[in-house]
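Single-structure report; data block below.
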Amino acid sequence: MKDTNACADDTCRAPVSQRTQVVDAPGTSATVKLKIDDHELNIPMGTTILEAARELGIHIPTLCHHDDLCVAGVCRVCLVEVEGQNTLQASCAYPITQPITVKTHTRKVRQARRHIIDLLLSKHYGECYSCFRNNNCELQSLAKEYGVDFFRFGHPEKPLYEVDRSSYSVVRDMNKCVLCRRCIRTCIDLQEVGVLEAAGRSDGTTISTYLDKPLGEVVCINCGQCINRCPTGALRAKDRTDDVWAAIDNPEKHVVIQTAPSPRAGIGEEFNQEPGTPMTWKMNTALKRCGFDKVFDTNFTADLTIIEEGTELILRLYKNLVQSDSSQPLPQFTSCSPGWVKYIEHFYPEYLPHVSTCKSPQQMFGALIKTWYARMNNIDPANIVSVALMPCSAKKFECNRPEMRDSGYKDVDNGLTTRELAQMIREAGIDLPEMPKSDFDNPFGTATGSGVIFGSTGGVMEAALRSVIEFVTGKKVENFYDHANIIPVRGFEGCRYAELQIPDEVGPVPELIQHLVPNWDWLKGATLKVGIAHGTANAKKVMENIKAGGKFSECHFIEFMACPGGCLGGGGQPIPTSPEIRAARARAIYAEDAAYGDAGKARKSHENPAVLRLYSEFLTNGPCGHKSHHLLHTHYTARGKYIG
Amino acid sequence: MTIRNNMTLSSVEKNKGLAAAMKMEPAGVIGIIRGSGMKGRGGAGFPTGAKWHFAASAKGERKFVVCNADEGEPGTFKDRVLMDEWPDLIFEGMTIAGYAIGAQEGILYLRGEYTYIRKALEECLAKRREENLLGNHVLGNSNFSFDIHIHMGCGAYVCGEETALIESLEGYRGEARNRPPFPVNTGLNGMPTIVNNVETFAWTSAILVNGADWFKAIGTSKSTGPKMLSISGDVECPGVYEFPMGTTVNDVLDAAGCDCAKAVIIGGASGHCLPPAEFSRAICYEDISTGGAVIVFGPDRDMLDVAESFLEFFADESCGQCTPCRIGNVKLLEGVRMLKCGKCSTNCLRDLCALGETMQCASKCGLGQSSPNAFLSIVRHFKNEILGRACTAAES
Ligand SMILES: Cc1cc2nc3c(=O)[nH]c(=O)nc-3n(C[C@H](O)[C@H](O)[C@H](O)COP(=O)(O)O)c2cc1C
Ligand code: SF4
Ligand code: SF4
Ligand code: SF4
Ligand code: SF4
Ligand code: FES
Chain A
1 MKDTNACADD TCRAPVSQRT QVVDAPGTSA TVKLKIDDHE LNIPMGTTIL
51 EAARELGIHI PTLCHHDDLC VAGVCRVCLV EVEGQNTLQA SCAYPITQPI
101 TVKTHTRKVR QARRHIIDLL LSKHYGECYS CFRNNNCELQ SLAKEYGVDF
151 FRFGHPEKPL YEVDRSSYSV VRDMNKCVLC RRCIRTCIDL QEVGVLEAAG
201 RSDGTTISTY LDKPLGEVVC INCGQCINRC PTGALRAKDR TDDVWAAIDN
251 PEKHVVIQTA PSPRAGIGEE FNQEPGTPMT WKMNTALKRC GFDKVFDTNF
301 TADLTIIEEG TELILRLYKN LVQSDSSQPL PQFTSCSPGW VKYIEHFYPE
351 YLPHVSTCKS PQQMFGALIK TWYARMNNID PANIVSVALM PCSAKKFECN
401 RPEMRDSGYK DVDNGLTTRE LAQMIREAGI DLPEMPKSDF DNPFGTATGS
451 GVIFGSTGGV MEAALRSVIE FVTGKKVENF YDHANIIPVR GFEGCRYAEL
501 QIPDEVGPVP ELIQHLVPNW DWLKGATLKV GIAHGTANAK KVMENIKAGG
551 KFSECHFIEF MACPGGCLGG GGQPIPTSPE IRAARARAIY AEDAAYGDAG
601 KARKSHENPA VLRLYSEFLT NGPCGHKSHH LLHTHYTARG KYIG
Chain B
1 MTIRNNMTLS SVEKNKGLAA AMKMEPAGVI GIIRGSGMKG RGGAGFPTGA
51 KWHFAASAKG ERKFVVCNAD EGEPGTFKDR VLMDEWPDLI FEGMTIAGYA
101 IGAQEGILYL RGEYTYIRKA LEECLAKRRE ENLLGNHVLG NSNFSFDIHI
151 HMGCGAYVCG EETALIESLE GYRGEARNRP PFPVNTGLNG MPTIVNNVET
201 FAWTSAILVN GADWFKAIGT SKSTGPKMLS ISGDVECPGV YEFPMGTTVN
251 DVLDAAGCDC AKAVIIGGAS GHCLPPAEFS RAICYEDIST GGAVIVFGPD
301 RDMLDVAESF LEFFADESCG QCTPCRIGNV KLLEGVRMLK CGKCSTNCLR
351 DLCALGETMQ CASKCGLGQS SPNAFLSIVR HFKNEILGRA CTAAES
């Protein structure tokens with residue numbers, strides 16, 4: 001599974017100085033001889049010194065380099081000595097095209113690295129013990145690696161910059177910034193949003209936004225990808241743990257937490273577990289011990305989303321294909337990623353009618369907790385504090401959107417990231433990996449495998465297809481796809497396209513949506529075309545393709561996720577991130593889905609008994625009906641990309 | 001600034017070199033430039049013929065010739081005089097280069113502060129187009145079309161560095177690129193590009209007229225040809241001079257009228273500072289190389305003032321991209337200021353010198369690599385002057 005690195009292709013907007021330079025290598029299969037320390041070997045032409053060293057297990061320190069990003073070669077920490085060259089060379093930015101001899105830790109190299117670290121510290125206002133990256137900071141590790149025990153070139157005594165807390169999601173503390181520019185490359189290149197750029201020169205260089213406006217006022221989509229790639233504590237998600245603790249400590253409050261599928265696949269990393277170690281059932285116990293009154297599974301509303309969004313899709317198809325009514329155009333775009341929603345609001349507002357009106361699972365859950373759940377349990381919704389554990393920084397913005405108050409209250413009071421929950425668990429003295437297992441609470445506890453895979457790119461699509469196929473054919477998906485695994489929509493390729501043939505034989509319209517479409521005859525033998533994009537750079541490619549009338553414009557349904565890899569790579573997940581770490585988390589997620597099947601539990605959203613109960617008891621006029629529209633659907637704001 | 005001695009370029013007939021080139025194969029033109037042994041006049045001293053050869057053999061749909069007229073090094077002004085006096089020879093040289101490497105387009109990157117020359121240059125270009133010295137089928141050669149336009153710089157010194165210049169041409173912040181690959185393979189818009197100094201192009205035209213052997217006969221074996229120098233500071237006749245490569249500092253001082261120099265900085269702010277004991281050294285690539293700046297300091301000059309003013313320049317002009325240069329220059333400047341008030345201990349000075357060495361080998365581009373030069377050589381050659389102050393402070 002290879003993740004896509006946006007800089008590999010020609011749509012990259014990052015300046016050339018911040019990119020891997022294409023090397024004129026004669027023949028891709030050519031190899032070249034490299035002598036590095038005590039090793040001698042042949043490597044493929046164009047391999048960088050850093051890559052070759054890593055391959056051999058030789059450690060070269062880095063700071064501005066990141067596996068997901070283009071090469072910058074700016075921090076100069078990775079310098080090595082190349083025989084015959086007067087100056088030291090940045091190993092991350094040096095593609096080998098002729099035989100060379102490299103030494104990775106000569107006196108000259110060690111002195112230069114130490115000086116560079118000393119220089120960085122001379123401008124870094126930070127005290128590690130009061131920093132959220134303490135023990136997980138690349139600058140701190142470098143200082144340790146090079147035995148820094150005094151500040152050779154001084155150390156700032158007071159902060160120089162005001163901390164920017166204007167955004168609901170991302171906090172920027174430029175006092176800790178080491179100008180590695182990873183955030184710039186993340187935003188402009190990996191995500192193609194382009195909020196951040198270097199401004200000023202020399203010592204006055206800063207990472208800035210358009211006209212140095214606060215982050216909350218620019219086109220930031222709150223994806224938090226920059227946070228995940230910042231080596232220091234300069235970027236972080238807005239911390240809500242104090243509010244959540246305060247609610248827990250208040251005996252009048254009934255504090256419930258819903259947990260999304262991705263945090264459980266990632267949180268183990270915060271407790272020294274291998275990436276991809278699932279923590280679902282242990283985390284439930286830990287949450288209870290922290291003091292949450294109820295622990296629910298967001299998968300419940302993931303399943304609900306599938307029913308609502310799937311129904312909306314069927315209605316759109318029916319209107320467009322049968323009734324020639326294009327007021328709700330095709331393709332339908334998913335709406336569960338708030339980063340993506342803000343992206344399209346800024347950059348493609350003219351396409352907002354394509355976005356499904358369904359709220360994200362987080363917000364559907366929020367609306368139901370303060371209505372249905374409150375009523376069922378006789379709790380005053382004013383006393384409910386509804387918390388959402390998310391892999392995501394954009395969800396913090398989302399729950400503060402003014403339109404997210406359909407229950408009559410703020411539907412979700414606080415969004416917590418995986419990292420914040422790990423912090424709370426540590427604070428409570430809980431050793432997560434040692435927790436006994438426990439189940440989610442009812443009535444929302446029941447979930448299906450389909451809800452789980454929402455965490456990965458392609459998951460929403462797969463879940464929706466499982467249900468749509470069964471609705472339309474009246475047959476089990478397993479008849480078409482082995483174990484209901486719809487492999488064509490899985491994987492990590494940036495933009496994916498798939499076609500599914502609807503058989504000539506269709507089934508009866510299921511009871512749940514009988515009032516909406518009379519029969520399936522109009523879908524007989526049709527080809528359902530779907531698309532998937534993850535990372536907004538890829539979303540942009542798909543959008544441009546649609547604009548140009550390309551194959552994605554013929555799709556019926558497209559899944560968009562703002563973060564590379566989908567939610568499992570979200571901006572609230574444990575740091576660091578890399579293609580390998582994201583792949584490991586994805587394995588955990590698909591394993592949980594498969595486990596539902598092995599245990600004989602439901603794997604399709606429309607089989608979720610709690611969802612069915614919801615429609616029979618509360619949303620009595622069915623999917624996309626009046627009540628569900630009020631609580632579960634929303635509208636969008638055409639923001640545009642021009643900021644005043 | 002005035003021209004102070006006889007200039008070979010005055011006697012070079014315009015467009016004769018271009019006409020001669022049009023009668024040759026491109027490879028033949030490169031052969032002549034290689035044969036002349038000319039090295040780039042911008043400072044780095046890369047053999048011009050070799051650079052053109054690389055660009056000629058590189059694959060690319062389009063190729064570019066860039067004339068580096070960003071002349072930002074403090075103490076350098078010979079390119080300005082060249083553009084005032086012999087714009088034709090410069091554009092002619094660019095055209096010859098275009099023919100040699102197979103380029104269709106030339107760009108003259110003009111220093112922002114030189115805007116006043118632009119009009120004359122544009123007029124010269126217009127005239128050359130009229131005379132078919134530029135444009136479609138230059139001088140009737142059906143295989144060669146070439147035009148030149150002028151792109152204005154905006155006052156950043158670093159944009160004189162060739163890869164930062166290319167970034168600037170592409171519309172980005174002027175910041176040096178990673179190398180390899182080099183512009184001859186991956187330059188402007190990813191295409192093979194040569195970047196040469198103004199003077200390099202002017203001599204190109206002269207070589208095509210007078211021949212490679214003529215050029216080689218001037219100068220030393222490793223540094224051939226004449227070199228323009230911008231001489232300034234405490235001399236009687238500052239201005240632009242032409243000397244054969246290999247001329248000693250003493251001879252240069254004699255010509256400019258100075259017999260009491262305390263120090264000479266060759267190569268401008270990023271150059272090396274020489275004390276009188278070293279004035280017998282030769283100005284050429286194998287001894288002290290320079291892009292053309294010679295700054296002379298009389299007996300009353302305070303060398304710490306000199307170091308301070310140069311470091312102020314670099315602390316302002318660093319593009320801010322890489323750590324050693326971005327913060328290093330500021331730290332050196334702080335150090336010089338501490339030295340000035342006698343507050344810098346010898347330990348601290350040793351750290352600063354070591355930092356200077358790190359900057360030389362660790363910075364990403366030539367700016368950071370050469371910015372500590374003046375400071376380090378002043379510390380080396382004028383230690384007493386500098387440490388004297390450190391001691392007084394310690395005693396008091
Ligand atoms: C900071 C810096 C500034 C430079 N400024 C100039 C300049 O103003 N003009 C110039 O010709 N070369 C300048 N150079 C050198 C160029 O990078 C390049 O080597 C030169 O233009 C090549 O031309 P040449 O081979 O004809 O000398 C500068 C280099 C550095 C590192
Ligand atoms: S960013 Fe890193 S080095 Fe700086 S205070 Fe935080 S932990 Fe320490
Ligand atoms: S949160 Fe996303 S959009 Fe905002 S600055 Fe960071 S990378 Fe860019
Ligand atoms: S904010 Fe973080 S990622 Fe961005 S340049 Fe500063 S240290 Fe690097
Ligand atoms: S050496 Fe200085 S000018 Fe050159 S890239 Fe580094 S910071 Fe920029
Ligand atoms: S890691 Fe190579 S220069 Fe920063």
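Respectively, the protein sequence lines represent chains A and B.
In case it helps, our numbering puts the first sequence at residues 1 to 644.
In case it helps, our numbering puts the second sequence at residues 1 to 396.
Just so you know, even glycine gets a beta-carbon here, dropped at the ideal spot from N, CA and C.
Here the structure is a predicted model, which means the values were calculated and not measured.
Practice task
Closer than 7 Å, Cβ to Cβ, to anything on chain B: give me those residues from the segment 105 to 133 of chain A, in chain order.
Solution key: Lys108, Gln111, Ala112, His115, Ile116, Leu119, Leu120, Ser122, Lys123
Exercise for the section: Drop a sphere of 10 angstroms on the beta-carbon of Tyr99 of chain B, count the other beta-carbons inside from all chains shown, and report buried for 16 or more, exposed for fewer. Expected result: For the purposes of this step, residue 99 of chain B is taken as residue 99 along the second sequence, with counting starting at 1. With 16 or more other Cβ atoms within 10 Å, it is buried.
Problem - Where the segment 302 to 331 of chain B meets chain A: residues whose CB sits under 9 Å from a CB there - result: Phe314, Ala315, Asp316, Glu317, Ser318, Cys319, Gly320, Gln321, Cys322, Thr323, Pro324, Cys325, Arg326, Ile327, Gly328, Asn329, Val330, Lys331
Handout entry: Distance cut-off 7 Å: Val509 of chain A Cβ against heavy atoms of ligand 4
Key = Numbered from its first residue, the first sequence carries residue 509 of chain A at position 509. Outside the cutoff, so no.
Handout entry: Cβ contact (3+ pairs, closer than 8 Å) linking the segment 181 to 191 of chain A and the segment 65 to 83 of chain A
Key = yes
Practice task
Can you pull the chain B residues whose beta carbon is under 7 Å from the beta carbon of Leu568 of chain A, in chain order?
Solution key: In the first sequence, residue 568 of chain A corresponds to position 568, counting from 1. The premise fails here: Leu568 of chain A is roughly 32 Å from chain B at the closest Cβ pair, so nothing lies under 7 Å.
Handout entry: Residue range of the unbroken alpha helix (DSSP H) whose run includes Glu55 of chain A
Key = As a first step, residue 55 of chain A is located in the first sequence; it is residue number 55 there, counting from the start. Counting along the chain, the alpha helix (DSSP H) containing Glu55 of chain A begins and ends at 49 to 55.
Handout entry: Residues of the segment 357 to 380 of chain B with Cβ closer than 7 Å to any Cβ of chain A, in chain order
Key = Thr358, Cys361, Ala362, Lys364, Gln369
Handout entry: Straight-line gap, Pro26 of chain A to Lys103 of chain A (C-alpha atoms, nearest Å)
Key = The residue you call residue 26 of chain A lines up with position 26 of the first sequence. The residue you call residue 103 of chain A lines up with position 103 of the first sequence. At Pro26 of chain A, the pLDDT of 49 sits below 50, so the modelled position is not reliable and the matter cannot be decided from this model.
Handout entry: Near ligand 3: Asn222 of chain A beta-carbon under 7 Å from a heavy atom
Key = Residue mapping note: residue 222 of chain A aligns to position 222 of the first sequence, counting from 1. Yes, the Cβ of Asn222 of chain A comes within 7 Å of a heavy atom of ligand 3.
Handout entry: Inter-residue CB distance, Arg62 of chain B and Glu105 of chain B (contact presumed, cutoff 8 Å)
Key = As a working note, residue 62 of chain B is residue 62 in the second sequence. As a working note, residue 105 of chain B is residue 105 in the second sequence. About 7 Å separates the two Cβ atoms, so the contact holds.
Exercise for the section: Spell out whether any CB of chain B is found under 8 Å from the CB atom of Ala90 of chain A. Expected result: Indexing the first sequence from 1 puts residue 90 of chain A at position 90. For Ala90 of chain A, the answer is yes, since a Cβ of chain B falls inside 8 Å of its Cβ.
Handout entry: Contact test: Leu367 of chain B Cβ vs ligand 1 heavy atom, cutoff 7 Å
Key = The residue labelled residue 367 of chain B in the question sits at position 367 within the second sequence. Checking the Cβ of Leu367 of chain B against ligand 1 gives yes.
Handout entry: Interface flag, Ser347 of chain B vs chain A, CB-CB below 8 Å
Key = Counted from its first residue, the second sequence places residue 347 of chain B at position 347. Rather than Ser, the amino acid found at residue 347 of chain B in this sequence is Asn. Chain A contact via Cβ: absent.
Handout entry: Sequence-distant residues of its chain with Cβ nearer than 7 Å to Lys437 of chain A (five each side left out)
Key = Here residue 437 of chain A corresponds to residue number 437 of the first sequence, with the count starting at 1. Trp281, Lys282, Thr285.
Problem - Minimum C-alpha distance to Asn299 of chain A - residue among A:Ser605, A:Asp164, A:Leu352, A:His630 - result: What you label residue 299 of chain A is simply residue 299 of the first sequence in a count that begins at 1. Closest option to Asn299 of chain A, Cα to Cα, is A:Ser605.
Practice task
Assign Ala8 of chain A to one of two classes, buried (16 or more other C-beta atoms within 10 Å of its C-beta) or exposed (fewer than that).
Solution key: Numbered from 1 along the first sequence, position 8 holds the residue referred to as residue 8 of chain A. No answer about Ala8 of chain A holds up, because its pLDDT of 46 lies below 50 and its placement is not dependable.
Handout entry: Nearest candidate by alpha-carbon position, reference Met24 of chain B, set B:Phe144, B:Glu278, B:Pro87, B:Ile117
Key = Mapped onto the second sequence, residue 24 of chain B falls at position 24. Met24 of chain B has its Cα closest to that of B:Phe144, out of B:Phe144, B:Glu278, B:Pro87, B:Ile117.
Practice task
May I ask you to check if the CB of Val184 of chain B is nearer than 7 Å to at least one heavy atom of ligand 1?
Solution key: If you number the second sequence from 1, residue 184 of chain B lands on position 184. No - ligand 1 has no heavy atom lying nearer than 7 Å to the Cβ of Val184 of chain B.
Handout entry: In DSSP terms, what Thr357 of chain A is bridged to
Key = Position 357 of the first sequence, counted from the first residue, corresponds to residue 357 of chain A. In the DSSP output, where bridge partners are listed per residue, Thr357 of chain A has none listed.
Practice task
Would you mind stating whether Phe310 of chain B and Lys262 of chain B have Cβ atoms separated by less than 8 Å?
Solution key: The residue given as residue 310 of chain B occupies position 310 in the second sequence. The residue given as residue 262 of chain B occupies position 262 in the second sequence. No. Outside cutoff.
Practice task
Take Glu385 of chain B and list the residues in its own chain whose beta-carbon comes closer than 7 Å to its own, dropping the five residues that flank it on each side.
Solution key: Here residue 385 of chain B refers to the residue found at position 385 when the second sequence is read from its first residue. Cβ neighbours of Glu385 of chain B beyond the five flanking positions: Met303.
Problem - Cα-Cα separation between Thr577 of chain A and Lys144 of chain A, rounded to whole angstroms - result: Sequence index remark: in the first sequence, residue 577 of chain A carries index 577 (1-based). Sequence index remark: in the first sequence, residue 144 of chain A carries index 144 (1-based). Taking the straight line joining both Cα atoms gives about 22 Å.
Exercise for the section: Pair every Cβ in the segment 25 to 42 of chain B with every Cβ in the segment 189 to 204 of chain B, then say whether three or more of these pairs are closer than 8 Å. Expected result: yes
Exercise for the section: Following the continuous beta strand (DSSP E) through Gly239 of chain B, name the residue where it begins and the one where it ends. Expected result: By one-based count along the second sequence, residue 239 of chain B stands at place 239. Note, Gly239 of chain B: beta strand (DSSP E), 239 to 244.
Practice task
Note down, in chain order, each residue of its chain lying with its Cβ closer than 7 Å to the Cβ of Thr76 of chain B, except the 5 sequence neighbours on either side.
Solution key: Here the question's residue 76 of chain B lines up with position 76 in the second sequence. Answer for Thr76 of chain B: Ser230, Gly268, Gly291, Gly292, Ala293, listed in chain order.
Exercise for the section: Using three-state DSSP, classify Arg172 of chain A as helix, strand or coil. Expected result: The count along the first sequence starts at 1 and reaches residue 172 of chain A at position 172. Of the three classes helix, strand and coil, the one that applies to Arg172 of chain A here is strand, per DSSP.
Exercise for the section: Please list, in chain order, all residues of the same chain as Ala282 of chain B whose beta carbon is under 6 Å from its beta carbon, the five residues on each side excluded. Expected result: Along the second sequence, read from residue 1 onward, the residue named residue 282 of chain B stands at position 282. So the qualifying residues of the chain are Gly246, Thr248.
Exercise for the section: Flag Val71 of chain A as yes if its beta-carbon sits less than 8 Å from any beta-carbon of chain B, otherwise no. Expected result: Position 71 of the first sequence, counted from the start, is the residue given in the question as residue 71 of chain A. Answer yes: the Cβ-Cβ gap between Val71 of chain A and chain B drops below 8 Å somewhere.
Handout entry: Asp411 of chain A - partner residues in DSSP beta bridges
Key = By 1-based counting over the first sequence, the position of residue 411 of chain A is 411. Answer is none; Asp411 of chain A lacks a bridge partner.
Practice task
Round the Cβ separation of Asp173 of chain A and Ala234 of chain A to the nearest angstrom and send it over; I've been treating them as touching at under 8 Å.
Solution key: Taking the first residue of the first sequence as position 1, residue 173 of chain A is located at position 173. Taking the first residue of the first sequence as position 1, residue 234 of chain A is located at position 234. 5 Å between Cβ atoms; contact.
Exercise for the section: Collect the residues with a C-beta less than 5 Å away from any heavy atom of ligand 2 and give them in sequence order along the chain. Expected result: A:Gly126, A:Cys128, A:Cys131, A:Arg133, A:Asn134, A:Cys137, A:Leu139, A:Gln140, A:Lys176, A:Thr232, A:Gly233
Exercise for the section: Return no unless some Cβ of chain A is closer than 8 Å to the Cβ of Leu339 of chain B. Expected result: Sequence index remark: in the second sequence, residue 339 of chain B carries index 339 (1-based). No, no contact with chain A.
Practice task
Flag Gln258 of chain A as yes when its Cβ comes closer than 7 Å to any non-hydrogen atom of ligand 5, and as no otherwise.
Solution key: If you number the first sequence from 1, residue 258 of chain A lands on position 258. No; taking the cut-off as 7 Å, the Cβ of Gln258 of chain A has no heavy atom of ligand 5 nearer than that.
Practice task
May I ask you to report which of helix, strand or coil DSSP gives Ile378 of chain B?
Solution key: Within the second sequence, numbered from 1, the residue matching residue 378 of chain B stands at position 378. Three-state DSSP puts Ile378 of chain B in a helix.
Practice task
Spell out whether any CB of chain B is found under 8 Å from the CB atom of Leu79 of chain A.
Solution key: Taking the first residue of the first sequence as 1, we reach residue 79 of chain A at position 79. Yes, because at least one Cβ of chain B sits closer than 8 Å to the Cβ of Leu79 of chain A.
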